[in-house]
Amino acid sequence: MDLLQNIDPAHLPLIAVGCALLCAVVVVIGFLLQAVSSIFDVIAGLVEVAVEIAQGGPVAWCGCTLLLFGLLACAGFTFLYLNAPESCATNPTRFCQWFGFLP
52 MDLLQNIDPA HLPLIAVGCA LLCAVVVVIG FLLQAVSSIF DVIAGLVEVA VEIAQGGPVA
112 WCGCTLLLFG LLACAGFTFL YLNAPESCAT NPTRFCQWFG FLP
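Structure, rendered in structure tokens:
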């Protein structure tokens, strides 16, 4: 009880503000820790999926590999088809004749 008698009454509002700020900082730290934890959970989940696919063997991920190559081929063909009119005007090729880009 001797400690409370030595506190200057003029400092009581400062002590109250300090305690309130300390509580606010603790709440903010709690929210930040939840956000960081959820980000790490997402990253860990993606790593876990990649490891599961890698450990499945060639039979488990062969279809996925073929699908990715098919999507890559479709994207490349679309890229060529969209850029063909510009390219065929300067450099006519068989591709231009097949799809009718040459006059």
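Numbers in this note's numbering are just positions in the sequence shown, counted from 1, shifted up by 51. From the three backbone atoms N, C-alpha and C, an ideal C-beta is built for every residue, glycine too.
- In the structure shown, the three-state DSSP call for N57 is coil.
- DSSP places F91 in the uninterrupted alpha helix (DSSP H) bounded by L63 to Q106.
- Per the C-alpha coordinates, the member of G127, L123 and F152 positioned closest to A135 is F152.
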